[in-house]
Structures are given as structure tokens and as C-alpha cells.
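There are 2 protein chains.
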Amino acid sequence: MSELRWDPLKNSWVIMTLGHSRRPQEFLQKRQEDCAPEGSDYQRLQMPEDNCPLCSGHEGRTPPEIMACRPQGSAPNEPGWQVRVIPNKFPALRIEGELENRAEGLYDRMNGIGAHELIVETPDHGKTLADLSEVQIAEVLKAYRSRMLDLRKDSRFRYIFIFKNHGVGTSSTISHAHSQLMAVPLMPPLISHELEQCRKHFQQKERCLVCDLIRQEQQHKSRIVRDDGNFLVYAPYASRFPFELMIAPLAHHHDFAQQSDQQLRLLARTLRDILQRLRTALRDPAYSLILHSSPPRHPRMGRPDYWESLPFDYHWHIELAPKLTRLTGFEWGSGFHINPTPPEEAAEFLRSAEPGL
Amino acid sequence: MSELRWDPLKNSWVIMTLGHSRRPQEFLQKRQEDCAPEGSDYQRLQMPEDNCPLCSGHEGRTPPEIMACRPQGSAPNEPGWQVRVIPNKFPALRIEGELENRAEGLYDRMNGIGAHELIVETPDHGKTLADLSEVQIAEVLKAYRSRMLDLRKDSRFRYIFIFKNHGVGTSSTISHAHSQLMAVPLMPPLISHELEQCRKHFQQKERCLVCDLIRQEQQHKSRIVRDDGNFLVYAPYASRFPFELMIAPLAHHHDFAQQSDQQLRLLARTLRDILQRLRTALRDPAYSLILHSSPPRHPRMGRPDYWESLPFDYHWHIELAPKLTRLTGFEWGSGFHINPTPPEEAAEFLRSAEPGL
Chain A
8 MSELRWDPLK NSWVIMTLGH SRRPQEFLQK RQEDCAPEGS DYQRLQMPED NCPLCSGHEG
68 RTPPEIMACR PQGSAPNEPG WQVRVIPNKF PALRIEGELE NRAEGLYDRM NGIGAHELIV
128 ETPDHGKTLA DLSEVQIAEV LKAYRSRMLD LRKDSRFRYI FIFKNHGVGT SSTISHAHSQ
188 LMAVPLMPPL ISHELEQCRK HFQQKERCLV CDLIRQEQQH KSRIVRDDGN FLVYAPYASR
248 FPFELMIAPL AHHHDFAQQS DQQLRLLART LRDILQRLRT ALRDPAYSLI LHSSPPRHPR
308 MGRPDYWESL PFDYHWHIEL APKLTRLTGF EWGSGFHINP TPPEEAAEFL RSAEPGL
Chain B
8 MSELRWDPLK NSWVIMTLGH SRRPQEFLQK RQEDCAPEGS DYQRLQMPED NCPLCSGHEG
68 RTPPEIMACR PQGSAPNEPG WQVRVIPNKF PALRIEGELE NRAEGLYDRM NGIGAHELIV
128 ETPDHGKTLA DLSEVQIAEV LKAYRSRMLD LRKDSRFRYI FIFKNHGVGT SSTISHAHSQ
188 LMAVPLMPPL ISHELEQCRK HFQQKERCLV CDLIRQEQQH KSRIVRDDGN FLVYAPYASR
248 FPFELMIAPL AHHHDFAQQS DQQLRLLART LRDILQRLRT ALRDPAYSLI LHSSPPRHPR
308 MGRPDYWESL PFDYHWHIEL APKLTRLTGF EWGSGFHINP TPPEEAAEFL RSAEPGL
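Heads up: the protein sequence lines correspond to chains A and B, in order. Residue 8 is where the first sequence starts when you use my numbering, and the numbers rise one by one after that. Residue 8 is where the second sequence starts when you use my numbering, and the numbers rise one by one after that.
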């Protein structure tokens with residue numbers, strides 16, 4: 008079980024794992040493992056195919072599937088699927104129970120209600136997301152959409168957070184290509200912050216902030232990596248990390264879950280191109296990918312991160328950041344990021360990279 | 008040279024290193040180095056004593072000293088010092104020039120004005136902060152105080168940020184024991200946030216928030232590691248990291264720089280005890296230490312992080328966090344932290360650790 012804790016000094020929530028918490032001795036062991044060479048080749052070696060619970064043929068080793076993209080008539084939890092969604096066996100948040108929210112003196116506490124799912128992107132252990140076809144990547148994106156739409160119906164959840172860690176150094180312990188979904192009972196602070204900024208901008212100007220940023224980037228050109236008329240990929244002006252990328256639809260829309268099959272197919276094309284460029288240019292770096300979309304619409308009292316309605320002034324997008332540097336003491340202590348690679352240089356380098364290698 | 012960049016979507020500033028920025032090729036090399044075993048023994052091996060520019064006898068290899076704790080009559084930049092403060096040879100921010108603050112379309116840009124100094128904690132290459140005597144640690148703290156008081160006079164600086172990284176995994180490239188100081192032209196977001204929370208609490212209740220937290224922790228007891236009647240060390244209720252610690256004076260004071268020699272001596276006693284406990288209990292973990300104090304008082308227009316007066320409602324303290332886990336994609340993308348070790352367990356473990364081993 009886990010709980011969410013709030014401290015008034017930081018005004019931020021922390022997910023505290025209880026019960027299966029990590030004892031000091033475990034951290035001492037962990038040091039050795041951290042020192043394995045980075046890169047997905049080594050990582051794939053770490054969990055051989057015949058032990059991998061996410062591989063086709065091993066469906067019985069995971070909890071029963073929530074959904075799968077599989078041929079008509081094929082049975083659930085059997086081979087034949089292309090994309091498969093399963094509950095995380097070791098969830099950070101659990102789906103069972105009523106949401107409890109109470110004060111503990113000056114502190115706040117909520118029980119760790121949520122959902123934690125894995126989206127297995129391919130039955131093939133040897134493939135990464137970048138290896139998949141456009142059609143297959145689109146199926147992964149459709150699984151994202153489908154799970155978002157389903158979990159939104161649950162009024163306990165404030166946000167459906169979808170992300171992907173690729174490669175060692177991202178705390179991913181499973182090497183088989185997968186994304187993760189966490190339905191959380193509170194708005195994630197960074198998403199909440201963006202929503203606020205977009206709302207303020209819209210209130211002042213009656214324009215979408217991200218639409219404005221996109222137009223400015225298109226005029227300026229130096230930070231753009233790819234623009235195919237549907238999706239823009241650019242290195243943000245104030246990139247926090249080297250080679251951080253923003254992937255946004257040119258057409259304004261607040262909600263990923265309302266995108267058409269055709270839109271997701273175009274996004275898959277862009278994503279494939281960019282992941283392949285990163286792989287070529289930076290030799291298959293570890294990376295994290297985060298989907299930013301508007302929150303579900305629920306009435307619930309009490310929290311300042313509560314949104315009365317779907318914020319149409321938001322603009323959904325994907326953040327993609329290779330993990331090339333570690334956060335320093337200065338960064339985690341101050342809240343400032345230090346980035347040694349200006350986005351103009353990163354964009355130029357990625358523009359000239361071959362996607363297809 | 009470097010610059011500070013602001014992006015309206017995140018509403019956060021990033022320090023962008025220009026000129027000596029890191030090219031993609033460098034990241035590829037870096038991967039190898041990252042995989043060295045963690046721990047300070049190895050780290051000390053990495054830069055042998057005869058090459059270390061921070062060692063006694065090598066004063067000529069650093070920029071001239073800004074100040075030093077040395078016997079009366081001994082010459083600057085010669086051996087004999089106990090603590091020595093020097094400019095960082097590769098500063099993230101530079102001291103020369105006027106502060107420029109301008110818009111670039113929707114973005115904001117400032118030039119990278121600031122100070123970046125190293126506080127060398129001992130002339131002895133083989134010692135860590137935990138190895139030093141109480142008196143010697145107090146000299147280090149006095150150097151912090153002295154540099155804060157001096158740099159506060161410069162009205163370009165909004166905050167004097169003092170921190171220390173110990174051990175591999177904290178991006179520290181110099182193994183000789185040292186702290187760092189960065190004078191920054193903007194309030195660090197996390198400090199700013201705490202100041203705001205303290206101000207709000209004071210406005211509502213006419214009490215200091217941290218004083219209230221201290222009293223609550225003293226009543227609850229389970230998260231306290233050490234309480235000697237002068238300084239309280241506890242694991243915060245919503246600790247973001249395993250074994251994260253808060254070190255705060257029991258007596259209310261907003262400003263570290265106004266602490267007496269006697270207070271610093273008592274702080275040195277607490278710090279030494281805690282660093283030795285961490286070393287024993289977690290086998291010399293890498294850690295970061297951050298000093299939180301009220302900002303200097305300057306009139307300057309324009310920024311929302313501008314403070315009209317010293318916020319007496321703040322309560323200075325030190326944050327100390329071993330680096331036992333890496334941030335996950337979920338954490339840096341959502342702004343939520345996931346902590347696998349509840350503070351109650353961490354505190355119990357550290358209470359029972361022997362400081363003197």
C-alpha cells in the first residue's frame with residue numbers, strides 16, 4: 008500500500024510507498040546494479056527473452072490483460088496480440104478503495120488510490136519503440152487513448168499520466184518495450200502549472216499559449232527539428248535538458264483522447280522519425296517521454312488543483328528528453344536547471360541526423 | 008558565457024551554458040565515466056593528490072583566493088590555511104557586467120550574471136566534511152556566513168545559494184572536500200516557494216510555519232533523528248527522497264548570515280554527528296546539502312520574485328539528502344516524487360546508527 012503526503016513548507020505531494028518499502032540494506036546492493044553500462048543493448052541482455060513476462064507466449068506470467076490489440080476472434084491472454092495493456096504487478100498506487108483525504112496536524116494525507124498499468128508496445132522482445140512500423144506505433148497511441156477514455160470515467164482520478172522510460176538510467180527495470188500509465192488522485196504539479204499558464208494567457212489574450220509558441224518557433228526556425236505540416240518538433244527555448252524536445256500538433260486541441268485515428272497515425276510518423284534520429288545522433292540514449300493532455304472533468308471539492316471543466320485553453324503535446332546528464336545538487340535544491348547544450352545547437356544536430364539508421 | 012532563459016509554458020528559468028557548451032560527442036564519452044562505482048573512496052582515487060588543485064601546496068593552480076581562514080600573518084595563496092574560498096574556474100554564472108533583462112517575443116532572457124565560488128573545507132585531500140573536527144566544520148560555516156554577507160552588498164544578486172555535493176552521482180567532478188556558492192540574479196524557485204508558504208502562514212496565524220512544524224515533530228517524535236536542545240534533525244513528513252533530513256535551529260531566526268559564532272559551533276556539532284551517522288548507516292552515501300536562508304534585501308523592479316524586505320517570517324534551515332535513488336521519468340515529468348522509504352523508518356534507522364564509526 009502507499010499514501011500521498013503533503014508538507015506545508017514545500018506545498019507538494021509525495022507518493023510514499025509503505026509495506027513494500029525499501030530498507031537501507033537494499034540501497035547498498037543497488038549501488039552495484041547502477042553501474043552497468045548504459046544503453047539498450049546491454050539492458051536487453053539483462054533480462055533474457057525466456058524470462059521476460061512481457062513477451063508473447065508468457066501471457067500467464069502477468070495479471071490478466073485489460074485490453075489488447077489482437078486479431079478478431081483470438082482469445083485474451085494468449086499470443087497473437089500486437090499491443091497489450093496489463094496492470095502493473097507492483098503498482099505505486101492501487102485501484103481498490105475509497106479515496107480518503109485527511110489532515111494530520113499541519114500535514115495532509117491521502118491513501119494511495121490510483122491505477123498503474125503497463126502498455127506493452129510489441130510482442131517482440133528484441134524491438135524498441137523506434138523499431139516499430141508507423142502502423143504499430145499508431146496502435147500503441149490508440150491504446151493510450153483508449154485507456155485514458157476508460158479511466159476518465161472514474162471520478163477518483165484527477166489525471167491520467169502516460170509516460171515511457173527507455174534504457175538504463177531511467178529506473179526502468181523491465182527491458183521489454185513498454186509505456187506506463189498512472190491514474191492519480193491529484194493533478195501532477197507540473198501539468199497543473201502548465202494549465203495555469205495557458206489559462207492566464209488565454210484570459211489575457213484570447214489565444215492559446217502553445218499556438219503562439221508554435222507560431223513564434225516557426226518564424227524563428229532555429230529550434231525546429233521537424234515540421235511536416237501536422238506536427239511540430241522543436242527544442243524549447245528554455246530547454247531544461249540537452250536535446251529536450253516538444254512534439255505538438257499544429258492544430259489546436261486540448262485533449263489527446265479526442266484525437267482521430269488519422270491524427271494518431273500522423274503522430275506515429277513523427278514519433279518514429281524523431282526516435283530514430285535520437286538513436287542515430289546520440290547512439291540510442293536512454294530517454295523519457297511524457298504525454299501532456301487536459302485533465303478529465305469531474306466535480307470535486309476542496310483542492311486548489313481542482314479544475315471545474317476541461318480546460319479548452321490547453322494544447323496537448325509530448326515532452327521527450329534524453330537522459331544524458333544527472334541532476335546536480337544545485338538543480339534539485341534550487342529548482343533551476345542548468346543546461347549545457349543550447350536548444351539551437353541540439354535542433355541543428357538532430358535536423359542533420361539520419362532518421363533511418 | 009551563459010544566459011538565463013524563461014519559457015512561459017513552464018514559467019521557470021533555465022541557466023543555459025553558451026560558448027563552452029557540451030557537444031553531442033561529449034555525452035557519448037561521458038557514459039563510460041558515469042559507470043564508475045559510486046562511493047567516495049573510488050572518487051578520491053580518481054583525482055590523485057598530486058594533481059588536485061584544491062590541495063594545500065597547490066594554491067597557484069586556482070584563481071587567487073577570495074578569503075581564507077589562516078593564521079595571522081600568513082600570506083594569501085600560500086599553504087597554512089584551514090578553509091579557503093576561491094572563484095570557480097569554470098563558473099556557471101559570471102560576475103562581470105551589468106544585468107540585462109529583456110523579452111524575446113514570448114520568452115525572457117537575462118545574461119548570466121552571478122558569482123560561483125568554491126569553499127575548500129580542508130587542506131587535506133584525504134578528508135571529508137564528516138572527518139573534520141567540530142571547530143574545523145564551524146570554520147567552514149563561518150566562511151559561508153562571511154561570503155553571504157559580502158555578496159549581499161551586490162544589488163544584482165537576488166539570492167546567495169550555498170550547497171555541497173559529496174560523492175559520485177552528484178555531478179561533483181572534484182573529489183577534494185568542498186562546498187559551492189552561487190549568487191544568482193533571480194530567486195531560486197524552490198526557495199521562493201518556501202518563502203511564500205511561510206509568509207502565507209504568518210499572515211494567517213502570526214506564527215512561523217517552521218516553528219510550528221518543529222513543535223509538531225517534537226510532539227510526534229517518530230521522525231526525529233536528533234534533538235540536542237539547539238538544533239532539531241528530522242526526516243520530513245513528506246520526504247521526497249529516502250533518508251532526506253531537515254536540520255533547523257529550534258530558536259526562530261530567518262537569516263543564517265546573522266547567526267553567532269556560538270550558534271555556528273553548535274550547528275557544526277549537529278552536522279558532524281549527522282554526517283557520521285549517514286556514513287555509518289548507509290556506508291558513505293553520496294549526498295547533497297542545501298542551505299536555505301532568507302534572501303538579501305534590495306529594491307528592484309519588475310519580477311514577481313522580488314521581495315520588498317527580508318522575510319522575517321522565514322526560518323533558515325539545512326536540507327540534506329543522500330543520493331540513493333535516481334529520479335524516474337514519472338517524477339521529473341509529473342513533479343510528484345515517489346519515495347520508497349517512509350521517514351519514520353529512516354529516522355529510526357539513523358537514530359540507532361553509531362555516529363562515531
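Idealized CB from N, CA, C, for every residue including glycine.
Span separating the alpha-carbon of Tyr-241 (chain B) from that of Ser-140 (chain B) | Between Tyr-241 (chain B) and Ser-140 (chain B), the alpha-carbon positions lie close to 23 Å from each other.
Met-194 (chain B) in three-state terms, based on DSSP | It is coil, neither helix nor strand.
Using the beta-carbon of each residue, which ones in chain B are nearer than 7 Å to Lys-96 (chain A)?
-> For Lys-96 (chain A), none of the residues of chain B pass the 7 Å Cβ criterion, the least Cβ distance being about 16 Å.
Three-state secondary structure (DSSP) at Phe-168 (chain A)?
-> It is a strand residue.
What number of angstroms, rounded off, separates the C-alpha of Leu-197 (chain B) from the C-alpha of Gly-342 (chain A)?
-> Between the alpha carbons of Leu-197 (chain B) and Gly-342 (chain A) lies a distance of about 5 Å.
As assigned by DSSP and simplified to three states, the class of Asp-280 (chain A) | Residue state, collapsed to three classes: helix.
Length of the line joining the Cα atoms of Asp-262 (chain A) and Val-90 (chain B) | Distance from the CA atom of Asp-262 (chain A) to the CA atom of Val-90 (chain B), rounded to whole angstroms, is 57 Å.
Proximity below 8 Å, CB of Phe-164 (chain B) to CB of Pro-195 (chain B) | Taking 8 Å as the Cβ cut-off, Phe-164 (chain B) and Pro-195 (chain B) do not qualify as a contacting pair.
N-terminal and C-terminal residue of the beta strand (DSSP E) that Cys-215 (chain A) is part of = Unbroken run through Cys-215 (chain A): none, as it is neither H nor E.
Pick from A:Ile-254, A:Gln-226, A:Pro-362 that is closest to Leu-113 (chain B), judged by C-alpha positions = With distances taken between Cα atoms, Leu-113 (chain B) lies closest to A:Gln-226.
Identified DSSP bridge partners for Trp-13 (chain A) = DSSP, once it has assigned bridges, lists A:Trp-20, A:Asp-115 as partnering Trp-13 (chain A).
Cβ-Cβ separation, Glu-10 (chain A) to Asn-108 (chain A) (assumed contact under 8 Å), whole Å = Asn-108 (chain A) to Glu-10 (chain A), Cβ: 11 Å. No contact.
Helix, strand or coil at Arg-304 (chain B) [DSSP, three-state] | Here Arg-304 (chain B) sits in coil by DSSP.
At 7 Å on the CB atoms, spell out the chain B contacts of Arg-12 (chain A), in chain order.
-> Correct list: Tyr-244, Ala-245.
Is there a Cβ from chain B that is less than 8 Å from the Cβ of Val-21 (chain A)?
-> Closer than 8 Å to the CB of Val-21 (chain A) there is at least one CB belonging to chain B.
Give the single residue among B:Lys-96, B:His-65, B:Phe-97, B:Asn-95 whose Cα lies nearest to the Cα of Pro-83 (chain B).
-> Nearest in C-alpha terms to Pro-83 (chain B), of all of B:Lys-96, B:His-65, B:Phe-97, B:Asn-95, is B:His-65.
Local conformation of Ser-63 (chain A) per DSSP, three classes = Three-state DSSP puts Ser-63 (chain A) in coil, outside helix and strand.
Assigned secondary structure, Ser-162 (chain A) (DSSP; H/G/I helix, E/B strand, else coil) = Ser-162 (chain A): coil per DSSP, three-state reduction.
Segment limits, beta strand (DSSP E) that includes Leu-327 (chain B) | Taken as a continuous stretch (DSSP letters only), the beta strand (DSSP E) holding Leu-327 (chain B) covers 324-329.
With 8 Å as the threshold, decide whether the Cβ of His-183 (chain B) is near any Cβ in chain A.
-> So no, His-183 (chain B) is outside the interface.
CB contact check: Gln-225 (chain A) to chain C, cutoff 8 Å | The displayed structure is made up of protein chains A and B, and chain C is not among them.
N- and C-terminal bounds of the beta strand (DSSP E) containing Ser-295 (chain B) | If you look at Ser-295 (chain B), you'll find it in the beta strand (DSSP E) that goes 294-299.
Span of the beta strand (DSSP E), counted from its first residue to its last, around Ala-82 (chain B) | Careful: Ala-82 (chain B) lies outside any beta strand (DSSP E) and carries neither H nor E.
Just how far apart, CA to CA, sit Asn-58 (chain B) and Arg-358 (chain A)?
-> Note on geometry: alpha-carbon atoms of Asn-58 (chain B) and Arg-358 (chain A) lie some 41 Å from one another.
Rounded to whole angstroms, what's the CA-CA distance from Thr-129 (chain B) to Phe-337 (chain B)? Just pull it up for me.
-> Answer to the nearest angstrom: the Cα atoms are 39 Å apart.
On the DSSP bridge assignment, give the partners of Leu-125 (chain A) in chain order.
-> DSSP lists A:Ile-93, A:Gln-187 as partners of Leu-125 (chain A).
Closer than 6 Å by C-beta to Leu-202 (chain A): which residues in its own chain qualify, once you throw out the five before and the five after it? Chain order, please.
-> The residues are Pro-318, Tyr-321.
Contact set between the region 256-285 of chain A and chain B, restricted to residues whose Cβ is under 9 Å from the partner | So the list is empty, because no residue satisfies the distance condition.
My guess is that Tyr-244 (chain A) and Pro-350 (chain A) are in contact by the Cβ rule of under 8 Å, so how many angstroms apart are they, rounded?
-> Beta-carbon to beta-carbon, Tyr-244 (chain A) and Pro-350 (chain A) are separated by about 6 Å, close enough to satisfy the 8 Å threshold.
For Asp-234 (chain A), which three-state DSSP category applies?
-> Strand, per DSSP.
Determine, using beta carbons only, whether Pro-349 (chain A) comes closer than 8 Å to chain B.
-> So yes, Pro-349 (chain A) belongs to the interface.
For a contact meaning CB atoms closer than 9 Å, what does Ala-99 (chain B) contact in chain A?
-> By Cβ distance, chain A contributes Phe-337, Ile-345.
Cβ separation of Ile-169 (chain A) and Val-127 (chain A), assumed to be a contact under 8 Å, to the nearest whole Å = 14 Å between Cβ atoms; not a contact.
Closest Cα partner of Glu-251 (chain B) within the set B:Leu-296, B:Cys-62, B:Thr-287, B:Ala-275 = Out of B:Leu-296, B:Cys-62, B:Thr-287, B:Ala-275, B:Leu-296 has the C-alpha closest to the C-alpha of Glu-251 (chain B).
Limits of the unbroken beta strand (DSSP E) element including Leu-252 (chain B) = Start and end: 252-256.
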